[in-house]
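Everything below concerns the one structure shown next.
There are 2 protein chains.
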Amino acid sequence: MHSPTQLAQIFREKQLKLTPQRQLLFGLLHENKAHPSAESLFEVASKQMPGISLRTVYQTLGELAEMGELQLVDVGDGAKRFDPNMGEHHHFVCESCGSIHDVEISSTPKIRGEGAGYEVNDVGVVFHGKCTRCGESTKRSPGHQAKKQVAKTK
Amino acid sequence: MHSPTQLAQIFREKQLKLTPQRQLLFGLLHENKAHPSAESLFEVASKQMPGISLRTVYQTLGELAEMGELQLVDVGDGAKRFDPNMGEHHHFVCESCGSIHDVEISSTPKIRGEGAGYEVNDVGVVFHGKCTRCGESTKRSPGHQAKKQVAKTK
DNA sequence: AGCTAATTTGCAAGTATTGCTAACTAACAA
DNA sequence: TTGTTAGTTAGCAATACTTGCAAATTAGCT
Chain C
1 MHSPTQLAQI FREKQLKLTP QRQLLFGLLH ENKAHPSAES LFEVASKQMP
51 GISLRTVYQT LGELAEMGEL QLVDVGDGAK RFDPNMGEHH HFVCESCGSI
101 HDVEISSTPK IRGEGAGYEV NDVGVVFHGK CTRCGESTKR SPGHQAKKQV
151 AKTK
Chain Z
1 MHSPTQLAQI FREKQLKLTP QRQLLFGLLH ENKAHPSAES LFEVASKQMP
51 GISLRTVYQT LGELAEMGEL QLVDVGDGAK RFDPNMGEHH HFVCESCGSI
101 HDVEISSTPK IRGEGAGYEV NDVGVVFHGK CTRCGESTKR SPGHQAKKQV
151 AKTK
């Protein structure tokens, strides 16, 4: 996604207000490689702006996604993740610690078989497995993080 | 997944009971290429066995998935889908009518970049776009089905 | 027919997300 | 600086999907 400064510009042009809530979120999302969920972003945002509403976080994330500034990532664990990296890439999810990493694949897969003729607008590839750290610790502890990131929220 | 007859055998061996509910579901799932959600299966099952509980459908689907008889497919539309086709394949979701089709891709993508070293256990590829029928009707109606299959439930 | 562990059910509860609306405020104008 | 107002925020209710729980039922065996 664009930098907070650029986003400010874009918002102004669209007659959208530059509220402190939005500015905070712009900053938190910028270059964020953690693939946060609305909830986890809310937690971080709350520290810097106590009282900010989870509803606002959802709202803003939704707007940014609609504007093409964020990519929605669904790794199948319930909550949607938001990724500011709009470049073509896919995701690796560690089934041990829940961390999500950007990955590049040799080439975006092409559909074959079954009649073809589909008009493909988007391809999502999600790998599940163990990340480097969790893979190593297999014979020691069952993962370096006690809980999956996802569970953190509750 | 195995045929209803084979499943019966497998269940017996595991001391699991062959209830009419299970038998019905075995039959409904066998060779089912519709990628049904628990709800949609429940609707169909209810016609043949009024009174069957949605809870039972969830229960049974969960058991079969755990036994490796069904594949869980998440296309990011809220409900999980169940696919008896355990062969290696991926999915195409029509963003117009919501239908899901099995697709084969030239080769399962391999991870490159970012340190690599991941232990990959599963790769899920989901294509989003327009299916043949919806692609055709683009200039006529907004899709051949009024509602997305998903919405059907509510 | 009787026993019992497995199963089914209904309902409450949990999680993630959106709809609605009243209160609030950024941005612009006077 | 103050006023105006359209755009925003925040809180809560409501929805959608799924699971936990406990009581009632039943398949499969003796």
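If you read the sequences in order, they're chains C and Z. Take the first sequence: its position 16, counting from 1, is numbered 16 in the working numbering, and each next residue is one higher. Take the second sequence: its position 31, counting from 1, is numbered 31 in the working numbering, and each next residue is one higher. Glycine included, every Cβ here is placed at the ideal spot set by N, Cα and C. These numbers were taken from a predicted model, which means no experiment stands behind them.
Hey, is residue i's beta-carbon within less than 9 Å of any beta-carbon in chain Z?
{"i": "Asp74/C", "result": "yes"}
{"i": "Tyr58/C", "result": "no"}
{"i": "Cys131/C", "result": "yes"}
{"i": "Lys17/C", "result": "no"}
{"i": "Phe42/C", "result": "no"}
{"i": "Phe109/C", "result": "A small correction: the amino acid at residue 109/C is Pro; Phe does not occupy that position in the sequence shown. Yes, its Cβ sits closer than 9 Å to a Cβ of chain Z."}
Could you give the C-beta distance for residue i and residue j, rounded to a whole number, given that I count them as a contact under 8 Å?
{"i": "Ser99/C", "j": "Cys131/C", "result": "6 Å"}
{"i": "Thr60/Z", "j": "Gln6/Z", "result": "So it is not a contact: roughly 16 Å between Cβ atoms."}
{"i": "Val210/Z", "j": "His91/Z", "result": "In the structure displayed, chain Z extends from 1 to 154; residue 210/Z sits before or after that span and is not available."}
{"i": "Leu29/C", "j": "Leu54/C", "result": "Contact doesn't hold; Cβ gap of about 16 Å is too wide."}
Indicate whether at least one CB of chain C lies closer than 9 Å to the CB of residue i.
{"i": "Asn32/Z", "result": "no"}
{"i": "Ala37/Z", "result": "Reading off the sequence shown, one finds Ser at residue 37/Z, where the question assumed Ala. It does not: the Cβ of Ser37/Z has no partner Cβ on chain C nearer than 9 Å."}
{"i": "Phe127/Z", "result": "yes"}
{"i": "Phe100/Z", "result": "Reading off the sequence shown, one finds Ile at residue 100/Z, where the question assumed Phe. Ile100/Z does not count as touching chain C."}
{"i": "Ala79/Z", "result": "no"}
{"i": "Gly135/Z", "result": "yes"}
{"i": "Gln6/Z", "result": "no"}
{"i": "Phe92/Z", "result": "yes"}
List the DSSP bridge partners of residue i.
{"i": "Cys94/C", "result": "Gly129/C"}
{"i": "Glu119/Z", "result": "Lys130/C"}
{"i": "Ile111/C", "result": "Ile105/Z"}
Going by alpha carbons, who is nearest to residue i out of the options?
{"i": "Met1/Z", "options": "Leu72/Z, Thr19/Z, Val44/Z and Lys47/Z", "result": "Leu72/Z"}
{"i": "Arg81/C", "options": "Ser96/C, Cys134/C, Leu41/C and His30/C", "result": "Leu41/C"}
{"i": "His128/Z", "options": "Ile10/Z, Ser37/Z, Cys97/Z and Tyr118/Z", "result": "Cys97/Z"}
Give the secondary structure of residue i by DSSP, where H, G and I count as helix, E and B as strand, and everything else as coil.
{"i": "Ala8/C", "result": "helix"}
{"i": "Ser37/Z", "result": "strand"}
{"i": "Leu16/Z", "result": "coil"}
{"i": "Gly27/C", "result": "helix"}
{"i": "Val57/Z", "result": "helix"}
{"i": "Val160/C", "result": "There is simply no residue 160/C to check, as chain C begins at 1 and stops at 154 in what is shown."}
{"i": "Gly124/C", "result": "strand"}
{"i": "Leu72/Z", "result": "strand"}
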